[in-house]
Amino acid sequence: MIRLSSVSGSFFLAGKPHDDSVAAERWGAIEDDLGALVSFFDLVVMHEQLPAFNYYATFDAWHDFRDPLGELLNTHGDKTLVHVDVEHSMYREVKEAAVHQLSSRLEAGSLVHASVGQEILSTLAAVQYQWEPSLETLEPQLADDADQVKIARFLLGQLVFAGYAQQTGAPQVLAPKRSRMLTAVGLGVEDARPSAEAAIYHELSRRFREAGEGWRDVELPWTPSFMPFLLKHTRRYREGPDVLLDAAKELRDKKAIQRYRKLQEALVSEEAENSTDARKELSAAADAVAKSLDSTREEMHFLRRIAVEVLPEAVGAAGGAVVGAVAAGPPGAAVGALAGFVAEDVLRAVNNRLWGWVIDELPYRSARKLLTRSTKAEYDLGAQLVPHLRTVWDTGRRAG
């Protein structure tokens with residue numbers, strides 16, 4: 226399950242608005258989350274289709290953008306973005322379980338440490354985060370604290386998607402900032418700022434290492450990022466974000482990229498052996514991608530990806546129980562996925578180690594996330610990409 230909800234991607238593809246004040250806000254959102262934009266274009270290159278849940282069907286409040294992401298991505302009649310409609314009964318079941326889990330967290334203390342909460346709030350403000358699911362029974366408990374309401378709504382949204390993922394076994398793909406914040410929340414640490422990132426992932430590895438069988442925390446071999454290549458081959462001042470998108474889609478046809486895609490999918494699958502040979506093969510395939518684009522590892526290594534999984538053997542799950550139609554639709558819909566019914570106290574033990582990775586009251590197949598870290602400091606990433614990206618964005622989309 227690729228949770229494609231990139232605000233920076235939407236704003237960038239739409240191009241610069243005519244209103245200067247709106248333009249300033251949108252560019253600020255793009256620049257504040259460059260890692261998400263780089264990851265967004267990597268997803269476009271690495272997938273023929275990107276299944277994404279319809280927010281208007283799953284959240285109680287929908288704030289539309291001038292250019293919906295589907296219209297911006299699905300150009301020239303292609304179907305890069307495929308909307309997945311979650312059946313309402315399944316949504317209600319998942320959301321009720323997520324609300325109950327948030328309520329239990331609140332009863333035990335605070336939702337997050339104060340400093341982590343401030344990091345979440347500043348990030349949401351910077352990217353103009355607008356999807357706000359109703360907190361239902363939690364609303365009265367938080368009514369007097371607007372900041373806690375915002376944090377709770379954000380976490381509820383993450384739990385809803387985690388609930389879909391654990392029933393289908395599909396991995397959630399998270400951009401760098403969201404990876405860092407949600408990992409910090411899950412671990413219950415006191416600092417989620419960029420300066421704490423190394424400590425956050427060190428603690429994550431420690432807990433997985435000590436958890437035993439079925440807990441897997443593996444950093445993937447180096448992964449190519451395509452934004453530097455795309456910018457290098459875009460005619461500055463003449464071609465805008467839609468041309469950059471077309472170029473990204475064209476890269477899918479390169480044999481080296483197709484081979485790399487298949488190897489990466491195999492390595493992050495539930496059945497992956499994750500052997501040394503498999504990792505070496507994937508690293509060599511990444512080098513072949515760089516060579517095919519007349520680039521180098523140094524030029525294309527922007528993001529590090531970490532596969533973290535709580536597999537069925539970690540909780541003693543027995544497969545065979547069929548989850549009803551989680552979603553109706555095309556790829557990624559996961560209709561009739563197999564899931565085991567695991568005792569709530571067992572899943573609660575998982576949450577004690579890493580809160581939010583599973584939902585206590587839902588059927589369980591596996592909990593898998595693909596976390597992302599930037600290989601560069603935010604300042605260095607901005608210095609390298611912002612000037613050319615801003616020019617492409619300013620140029621705007623082609624007419625018609």
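Per my numbering: the sequence shown = residues 226 to 625.
Heads up, the beta-carbon is just placed ideally off N, CA and C, and yes, glycines get one too.
Proximity of residue i and residue j at Cβ, strictly below 9 Å
i, j, result
"L268", "V398", "yes"
"L238", "L455", "no"
"Y316", "V385", "yes"
"P466", "R251", "no"
"L528", "R477", "no"
"L579", "L412", "yes"
"V172", "A532", "This structure cannot speak to residue 172, because the chain is shown only from 226 to 625."
"G581", "A387", "yes"
"E438", "E538", "yes"
"K474", "D303", "yes"
"E312", "W440", "no"
"R461", "V617", "yes"
"P446", "S508", "yes"
"G342", "D372", "yes"
Cα-Cα separation between residue i and residue j, rounded to whole angstroms
i, j, result
"R573", "P419", "29 Å"
"E627", "A417", "Nothing about residue 627 can be reported from this structure: the residues present for the chain run from 226 to 625 only."
"D512", "T521", "7 Å"
"N576", "Q326", "10 Å"
"S314", "L275", "24 Å"
"A248", "P588", "44 Å"
"A277", "E524", "30 Å"
"D244", "A254", "15 Å"
"Y485", "G334", "45 Å"
"L488", "R463", "36 Å"
"L596", "D369", "34 Å"
"L336", "S329", "10 Å"
"P555", "H613", "Since pLDDT at P555 reaches only 38, below the 50 mark, its modelled position is unreliable, and the value read off the structure follows with that caveat. Cα to Cα, P555 sits roughly 36 Å from H613."
"H272", "R530", "16 Å"
"D502", "L536", "22 Å"
"S404", "A624", "37 Å"
"E296", "H308", "11 Å"
"L380", "I482", "35 Å"
"T448", "S264", "11 Å"
"Y389", "E321", "13 Å"
"T459", "K479", "18 Å"
"R378", "Q609", "34 Å"
"I425", "I376", "20 Å"
"T620", "A491", "39 Å"
"E318", "D519", "50 Å"
"T300", "S340", "42 Å"
"R431", "S359", "35 Å"
"E428", "T408", "10 Å"
"E603", "E357", "28 Å"
"A421", "H526", "21 Å"
"F290", "Q366", "Here the model assigns F290 a pLDDT of 41, short of 50, so the residue's position is not dependable, and the following value carries that caveat. About 31 Å."
"A592", "L262", "25 Å"
"P242", "E586", "45 Å"
Terminal residues of the beta strand (DSSP E) in which residue i lies
i, result
"S599", "A592 to S599"
"H308", "L306 to V311"
"W440", "W440 to E444"
"A532", "L528 to V535"
Extent of the continuous alpha helix (DSSP H) run through residue i
i, result
"V468", "P466 to L476"
"D258", "From DSSP, D258 is part of no alpha helix (DSSP H); its letter is neither H nor E."
"A351", "A339 to A351"
"R622", "Neither: R622 is in no alpha helix (DSSP H) and is coded neither H nor E."
"P365", "E364 to L367"
"V232", "V232 to A239"
"P401", "P401 to L412"
"D372", "A371 to T393"
"T501", "T501 to S517"
"P358", "First-last for P358: undefined, no H or E at that position."
"Y426", "E422 to A436"
"A485", "For clarity, residue 485 is Tyr in the given sequence; the question names Ala instead. Residues K480 to L492."
"G295", "L294 to L298"
"F454", "M452 to K457"
"R522", "R522 to M525"
Presumed contact (8 Å Cβ cut-off) between residue i and residue j, rounded CB distance
i, j, result
"E256", "H338", "Going by Cβ atoms, the distance from E256 to H338 rounds to 27 Å, so no, they are not a contact pair."
"K402", "D258", "6 Å"
"R394", "R590", "As written in the sequence, residue 394 is Gly, which differs from the Arg given in the question. Yes, G394 and R590 are in contact; Cβ-Cβ is about 4 Å, under 8 Å."
"A350", "G260", "The Cβ separation is near 17 Å, so there is no contact."
"F266", "M452", "5 Å"
"G234", "L306", "That belief does not hold up - the Cβ atoms of G234 and L306 are roughly 10 Å apart, past 8 Å."
"Q220", "V583", "Here the chain has residues from 226 to 625 only, and residue 220 is not among them."
"M406", "E344", "6 Å"
"K594", "P396", "6 Å"
"V352", "V232", "5 Å"
"V571", "V611", "The Cβ separation is near 47 Å, so there is no contact."
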